[in-house]
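Here is the structure we will look at, set down as structure tokens.
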Amino acid sequence: MPTLTLAVNGNIVTREVTSSTLLVQFLRDQLGLTGTHVGCDSTQCGACTVHLNGDAIKSCTALALSCDGGKVTTIEGLAQNGKLHPMQEAFRANHGLQCGYCTPGFVMAAVKIAERLGPNADEETLREEMDGNLCRCTGYQNIVKSIRAGAKAMLENEARDEISSSPQGLTDPDARVCNDAPQTQEQSAERKAQVDVFIENSRGS
Amino acid sequence: MKKFGVGQSVERAEDARLLLGEGRYTDDIVPANALRLFVLRSPHAHAKILSIDKTASLESKGVAGILTGVDADEDDLGGFPSLVPSNAPDGSGPNFAPPFSVIARDIVRYAGEPVAIVMADTLDQAKDAAELIKVEYAPLTAVVSLADADKPGMPSIWPECPDNNDSLGVFGDKAAVEEAFSKAASIHSIDVRVSRVAVSPMEPRVATGVWNEAEGRYELTAGVQSPHMTRTQLAACIFKVPPSKVRVRALDVGGGFGLKGVPHPELALVMWAARRLGRPVHWFSERSEGFLSDCHSRDHISHCDLALDEDARIVGLKFNSRANLGAYISLAGMHCAQGNIGHLSGVYTTPAIYAEVRAYFTNTVPIASYRGAGRPEALVVLERAMDAAAFDLGMDPAELRRRNLIQPEQMPYDTGFQFTYDSGDYPVSQTKAQEAADWAGFEKRRAEALRRGKLRGIGMGHVVEIASGMRDEMGEIEIEADGSVTFSTGFHNHGQGQETTMRQLISEFLAVPPEKIRMKDCDTDVQNFGLGSAGSRAAAVGGALIKTLSEKVIEKAKIIAAIPLETDAAQIEFVDGTFNARGTNKTATFAEVAALAHNPMGLPDGFDGGLAHKQIVRPGGPTFPNGCHICEVEIDPETGELDAIGYWVCEDVGRSINPMIVKGQIHGGVAQGLGQIFGEFIEFDREGQLLTGSFMDYQMPRALDIPHITTISHDVPSPNNPLGIKGAGESGTVGAMPAGLNAVCDALKPLGIRHFDMPASPHRLWKAIHDAGGIDAICKPTEAA
Numbered sequence: 001m002p003t004l005t006l007a008v009n010g011n012i013v014t015r016e017v018t019s020s021t022l023l024v025q026f027l028r029d030q031l032g033l034t035g036t037h038v039g040c041d042s043t044q045c046g047a048c049t050v051h052l053n054g055d056a057i058k059s060c061t062a063l064a065l066s067c068d069g070g071k072v073t074t075i076e077g078l079a080q081n082g083k084l085h086p087m088q089e090a091f092r093a094n095h096g097l098q099c100g101y102c103t104p105g106f107v108m109a110a111v112k113i114a115e116r117l118g119p120n121a122d123e124e125t126l127r128e129e130m131d132g133n134l135c136r137c138t139g140y141q142n143i144v145k146s147i148r149a150g151a152k153a154m155l156e157n158e159a160r161d162e163i164s165s166s167p168q169g170l171t172d173p174d175a176r177v178c179n180d181a182p183q184t185q186e187q188s189a190e191r192k193a194q195v196d197v198f199i200e201n202s203r204g205s
Numbered sequence: 001m002k003k004f005g006v007g008q009s010v011e012r013a014e015d016a017r018l019l020l021g022e023g024r025y026t027d028d029i030v031p032a033n034a035l036r037l038f039v040l041r042s043p044h045a046h047a048k049i050l051s052i053d054k055t056a057s058l059e060s061k062g063v064a065g066i067l068t069g070v071d072a073d074e075d076d077l078g079g080f081p082s083l084v085p086s087n088a089p090d091g092s093g094p095n096f097a098p099p100f101s102v103i104a105r106d107i108v109r110y111a112g113e114p115v116a117i118v119m120a121d122t123l124d125q126a127k128d129a130a131e132l133i134k135v136e137y138a139p140l141t142a143v144v145s146l147a148d149a150d151k152p153g154m155p156s157i158w159p160e161c162p163d164n165n166d167s168l169g170v171f172g173d174k175a176a177v178e179e180a181f182s183k184a185a186s187i188h189s190i191d192v193r194v195s196r197v198a199v200s201p202m203e204p205r206v207a208t209g210v211w212n213e214a215e216g217r218y219e220l221t222a223g224v225q226s227p228h229m230t231r232t233q234l235a236a237c238i239f240k241v242p243p244s245k246v247r248v249r250a251l252d253v254g255g256g257f258g259l260k261g262v263p264h265p266e267l268a269l270v271m272w273a274a275r276r277l278g279r280p281v282h283w284f285s286e287r288s289e290g291f292l293s294d295c296h297s298r299d300h301i302s303h304c305d306l307a308l309d310e311d312a313r314i315v316g317l318k319f320n321s322r323a324n325l326g327a328y329i330s331l332a333g334m335h336c337a338q339g340n341i342g343h344l345s346g347v348y349t350t351p352a353i354y355a356e357v358r359a360y361f362t363n364t365v366p367i368a369s370y371r372g373a374g375r376p377e378a379l380v381v382l383e384r385a386m387d388a389a390a391f392d393l394g395m396d397p398a399e400l401r402r403r404n405l406i407q408p409e410q411m412p413y414d415t416g417f418q419f420t421y422d423s424g425d426y427p428v429s430q431t432k433a434q435e436a437a438d439w440a441g442f443e444k445r446r447a448e449a450l451r452r453g454k455l456r457g458i459g460m461g462h463v464v465e466i467a468s469g470m471r472d473e474m475g476e477i478e479i480e481a482d483g484s485v486t487f488s489t490g491f492h493n494h495g496q497g498q499e500t501t502m503r504q505l506i507s508e509f510l511a512v513p514p515e516k517i518r519m520k521d522c523d524t525d526v527q528n529f530g531l532g533s534a535g536s537r538a539a540a541v542g543g544a545l546i547k548t549l550s551e552k553v554i555e556k557a558k559i560i561a562a563i564p565l566e567t568d569a570a571q572i573e574f575v576d577g578t579f580n581a582r583g584t585n586k587t588a589t590f591a592e593v594a595a596l597a598h599n600p601m602g603l604p605d606g607f608d609g610g611l612a613h614k615q616i617v618r619p620g621g622p623t624f625p626n627g628c629h630i631c632e633v634e635i636d637p638e639t640g641e642l643d644a645i646g647y648w649v650c651e652d653v654g655r656s657i658n659p660m661i662v663k664g665q666i667h668g669g670v671a672q673g674l675g676q677i678f679g680e681f682i683e684f685d686r687e688g689q690l691l692t693g694s695f696m697d698y699q700m701p702r703a704l705d706i707p708h709i710t711t712i713s714h715d716v717p718s719p720n721n722p723l724g725i726k727g728a729g730e731s732g733t734v735g736a737m738p739a740g741l742n743a744v745c746d747a748l749k750p751l752g753i754r755h756f757d758m759p760a761s762p763h764r765l766w767k768a769i770h771d772a773g774g775i776d777a778i779c780k781p782t783e784a785a
């Protein structure tokens with residue numbers, strides 16, 4: 001079985017995985033990070049959204065091996081030192097969640113939306129940005145409110161962190177994650193080839 | 001008002017856990033040695049099973065066992081019952097009620113019905129093995145269309161019910177209605193199709209079964225709304241064992257909306273397989289599997305005649321409906337068909353109502369509850385009939401409604417049909433909603449839109465709905481020796497925030513700070529009885545429950561407080577968390593009294609010790625949350641695309657425990673109602689194959705599809721429970737369906753279209769506009785700007 005090395009929430013992990021293991025399966029089943037959820041089987045709901053190398057991605061549609069050497073942040077890695085991330089705090093303060101099942105995906109997507117658009121995006125834009133995530137409970141209204149409040153708080157935090165001469169903006173949780181997963185280029189190429197073979201085989205079936 | 005008490009929008013206690021990714025959903029806590037269960041489902045909507053050969057699949061890697069209907073017969077496995085009785089169509093007796101089978105025996109009756117279950121070490125192994133099972137079917141003609149279910153030549157799904165018409169429910173006074181109609185100035189008829197939808201909570205259905213060999217007991221952890229009711233059904237109807245031989249618990253559950261209040265086959269299957277194989281068995285529905293096998297909802301074809309006098313006052317209403325049951329009657333199937341027909345009264349004075357509801361079997365997955373569960377099925381038809389009457393008379397639909405509203409001074413109001421409304425001020429709600437939506441200024445907006453080539457519409461829907469009709473609930477409050485509180489109830493929290501609202505109630509009545517209050521898991525081992533969360537009832541019933549429990553705890557505590565206060569219990573009052581002896585300055589804190597109550601050396605004679613109390617509470621009557629909803633939409637006639645412009649609701653939920661949570665319930669409810677109007681729709685082909693089987697085909701509302709919802713309150717406390725709470729769970733959905741649909745129909749009105757059936761998907765809208773001659777017919781270029 002091929003091995004996979006990832007930096008997950010700041011920890012370097014190396015595990016054996018099958019070539020068909022999805023990133024979400026790897027996170028949930030092999031690492032026990034069950035905060036990332038599965039709500040559909042067609043990449044429509046976004047409950048599985050995590051950060052991979054700084055982007056919000058749907059972990060149900062990424063083969064774990066294709067992420068080899070990457071940095072992954074899940075909902076479990078967002079809060080720091082027992083303190084909720086400003087976006088998590090905003091969801092709580094604005095009742096941006098009800099059953100909580102879609103919430104980790106929304107929060108992970110929201111952090112990236114806020115980083116890209118800042119706190120002044122209008123309601124229409126934010127609703128458009130949330131196109132990749134489904135929520136059945138909230139009617140989205142308080143999620144919009146939460147993202148706006150979270151974006152504002154993130155900016156304020158950033159400003160504060162700059163004053164305290166933090167080397168990196170704390171709003172990017174990936175910044176805390178190790179970026180030199182221990183592996184050779186050969187290994188990397190080998191794994192990539194395995195993934196390609198798997199994809200090719202899948203097409204054939 | 002206490003800082004954390006009733007009426008405060010406090011942040012939710014459950015949120016930190018859910019936001020940190022530390023929720024305990026059933027799929028998050030699967031035992032390490034659990035087998036994975038895969039359900040092999042019928043590919044046919046209607047077929048005889050001739051044979052099942054599992055030889056090859058049993059050899060497959062990782063397979064621990066395969067079970068079929070033959071094994072189920074061996075173990076005498078039962079089915080889930082229908083909870084609501086009805087009558088046979090000829091009135092000869094009760095309706096035929098085949099139990100909701102958990103695994104097919106010799107006939108499959110819907111595509112997706114379980115035929116075999118495969119248990120293996122991994123899900124992939126179970127799936128691979130399932131591909132090797134050889135099932136020989138003899139396909140039968142399927143009854144798919146509700147409209148044609150009893151047409152001559154249709155096959156019978158059940159021999160006991162040859163024309164597939166299972167039941168006829170007759171309600172109201174036929175003679176009085178005929179009399180009213182004979183004298184009416186005008187009669188307005190409408191046919192409304194209440195579409196079939198998939199409930200689709202974001203957490204798919206999920207279950208883990210464990211067989212406890214030492215105790216000879218089944219254990220289930222599952223995403224269910226009511227562990228206690230589920231246990232009752234599983235014990236009595238499936239396994240035929242005493243309830244003590246079944247344990248059911250539900251931890252975090254990702255939304256229910258009625259679906260998870262109805263027991264489904266897989267709950268029984270994981271338990272059965274666990275017993276057969278001696279290992280825990282876990283099943284987690286895939287979404288596409290859920291579309292096939294989750295009970296669907298709604299699916300009525302209804303006709304309504306509304307009779308008005310010369311002043312446009314309602315004198316009578318006739319209602320005739322066909323309701324789909326699916327292939328079996330689920331626990332709530334007949335309830336959704338007939339159990340909420342009382343909602344035909346709406347918010348209006350209607351002297352005479354007569355309704356007939358026929359329920360039919362079809363070769364489709366059974367119908368069960370979805371937010372409203374029969375309420376919107378009745379109310380959307382009534383509210384469409386009101387708009388159709390206004391269309392016929394050339395009247396403002398708001399004015400027609402206003403003329404017919406029940407007045408606040410008439411409360412409590414006996415509708416003369418099924419319900420007696422507790423309280424409410426419907427005229428004020430309508431006024432406030434109209435002002436917020438600028439109803440008066442709408443025609444200007446319509447004209448402006450038309451100049452841009454767009455069709456704009458506004459729609460109103462009044463909702464009044466029964467809440468806490470199911471009134472009993474059990475709860476227990478336990479007090480630790482340090483005065484902290486632990487409590488349990490039969491309610492299950494799957495998004496409604498009861499973990500917070502119940503704590504607020506306890507904090508209010510016992511004056512204990514929230515950090516010292518803990519809610520126990522909803523588990524039949526923790527509390528032996530309960531009815532669960534359903535029917536918008538947890539706030540109203542829970543309010544009465546927690547108040548009563550708290551009072552009993554205080555009563556007990558006063559007996560103890562009498563010792564240090566050196567007086568009689570009758571002389572003690574409990575104020576802000578402190579026991580005071582009247583007429584003295586002696587006091588004892590709640591914590592001091594709790595400590596004393598747990599000191600066996602100092603207890604008075606005959607006192608049991610501790611301060612815990614447990615009982616069942618039944619508030620005085622059901623409650624009737626209500627509200628006036630207004631929706632505004634704009635349709636692009638070139639593409640059929642609908643833009644939801646705005647939404648305004650003036651709601652009356654009685655007294656709120658947590659207004660933030662109430663508003664959240666209204667938002668979510670409205671979105672679900674609008675979802676059905678704007679695009680959600682379950683469709684089968686002629687063979688009974690599901691065409692809308694994933695989120696790619698089934699149009700779930702996304703953020704951009706839902707307008708900003710303005711909520712205004714005009715709360716009138718209910719006299720039917722001690723806190724005046726009415727409930728907030730379902731009214732959003734029940735009000736949004738008519739408001740949304742009336743808005744769509746109003747947008748199409750200039751084209752001469754009187755009625756348009758849900759869903760208002762782009763294709764259907766475009767076709768309706770095109771068929772009516774297109775917008776050019778009404779868009780006069782010469783019209784002054």
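Read top to bottom, the protein sequences are chains A and B.
All residue numbers for the first sequence refer to full-length UniProt numbering, where the first residue is 1 and numbers rise by one.
All residue numbers for the second sequence refer to full-length UniProt numbering, where the first residue is 1 and numbers rise by one.
We put the CB at the ideal spot given by N, CA and C, even for glycine.
All figures in this text were calculated on a predicted structure; none of them were measured in a lab.
Check	Outcome
Nearest-angstrom Cα distance between B:L146 and B:A433?	37 Å
Could you give the distance in angstroms between the alpha-carbon of B:D636 and the alpha-carbon of B:F284?	41 Å
With 7 Å as the threshold, decide whether the Cβ of A:D174 is near any Cβ in chain B.	Summary for A:D174: the model assigns pLDDT 42, below 50, so the residue's position carries little reliability; its value from the coordinates is reported in the next sentence. No, no contact with chain B.
Does chain A have any CB closer than 7 Å to the CB of B:D15?	yes
Closest to B:G773 by C-alpha separation, out of B:H763, B:E473 and B:L748, would be which residue?	B:L748
Quick one: give me the first and last residue of the beta strand (DSSP E) that B:W648 is part of.	E641 to D652
Are the CB atoms of B:R754 and B:E634 within a distance shorter than 7 Å?	no
Using a C-beta to C-beta distance shorter than 7 Å, which residues of chain A count as neighbours of B:S288?	D41
Is the number of C-beta pairs between the region 87–102 of chain A and the region 252–260 of chain B that are closer than 8 Å three or more?	yes
Check each residue of the region 189–210 of chain B: if its Cβ is closer than 8 Å to any Cβ of chain A, include it; give the result in chain order.	S200, P201, M202, E203 and P204
I think B:L83 touches B:H462, with their Cβ atoms under 8 Å apart; what is that distance to the nearest whole Å?	Not quite, the Cβ-Cβ distance comes to about 29 Å (not below 8 Å), so this is no contact.
Taking only three categories from DSSP, how would you classify A:F26?	helix
Using the DSSP secondary-structure output, state which residues sit across from B:R358 in a beta bridge.	B:L168 and B:R322
Using 8 Å as the cut-off, can you tell me whether the region 594–608 of chain B makes contact with the region 417–433 of chain B, which would need three or more C-beta pairs spanning the two stretches below that distance?	no
Please specify which runs of the alpha helix (DSSP H), each continuous and at least 4 residues long, are wholly inside the region 538–610 of chain B, giving them in chain order.	538–565 and 590–597
Can you pull out the residues from the region 221–255 of chain B whose beta carbon lies closer than 8 Å to at least one beta carbon of chain A?	D252, V253, G254 and G255
Between B:V593 and B:G627, is the Cβ-Cβ spacing less than 7 Å?	no
May I ask you to report which of helix, strand or coil DSSP gives B:H228?	helix
Near B:N363, what residues of its chain come up, given a Cβ to Cβ distance below 7 Å and the 5 sequence neighbours on each side ignored?	A45, H46, R109, Y110, A142, V143, V144, I157, A327 and G688
What would DSSP say about A:C58, mapped onto helix, strand or coil?	For clarity, residue 58 of chain A is Lys in the given sequence; the question names Cys instead. Three-state result, A:K58: strand.
Just the Cα atoms here: how many angstroms apart are B:T692 and B:F684?	7 Å
So B:S186 and B:L37 are in contact, right, with Cβ under 8 Å, and what is the actual spacing, rounded?	Not quite, the Cβ-Cβ distance comes to about 59 Å (not below 8 Å), so this is no contact.
Alpha carbon to alpha carbon, how far is B:L317 from B:A180? Give it in angstroms, no decimals.	9 Å
Please identify the residue among B:F681, B:H770, B:V380 and B:I661 whose C-alpha is closest to the C-alpha of B:S345.	B:V380
Any C-beta of chain E within less than 7 Å: which residues of the region 72–84 of chain A qualify?	Any reference to chain E falls outside this structure, whose protein chains are A and B.
Do you know whose CA, among A:N9, A:M1, A:L6 and A:E124, lies nearest A:E16's CA?	A:M1
Taking the C-alpha atoms as reference points, what is the distance between B:M737 and B:L450?	25 Å
When the distance is taken between beta carbons, is B:C522 closer than 7 Å to B:P227?	yes
By how many angstroms is the C-alpha of B:T486 removed from the C-alpha of B:Q676?	40 Å
Since I believe B:L308 is in contact with B:A184 (beta carbons under 8 Å), could you give me their beta-carbon distance rounded to a whole number of angstroms?	6 Å
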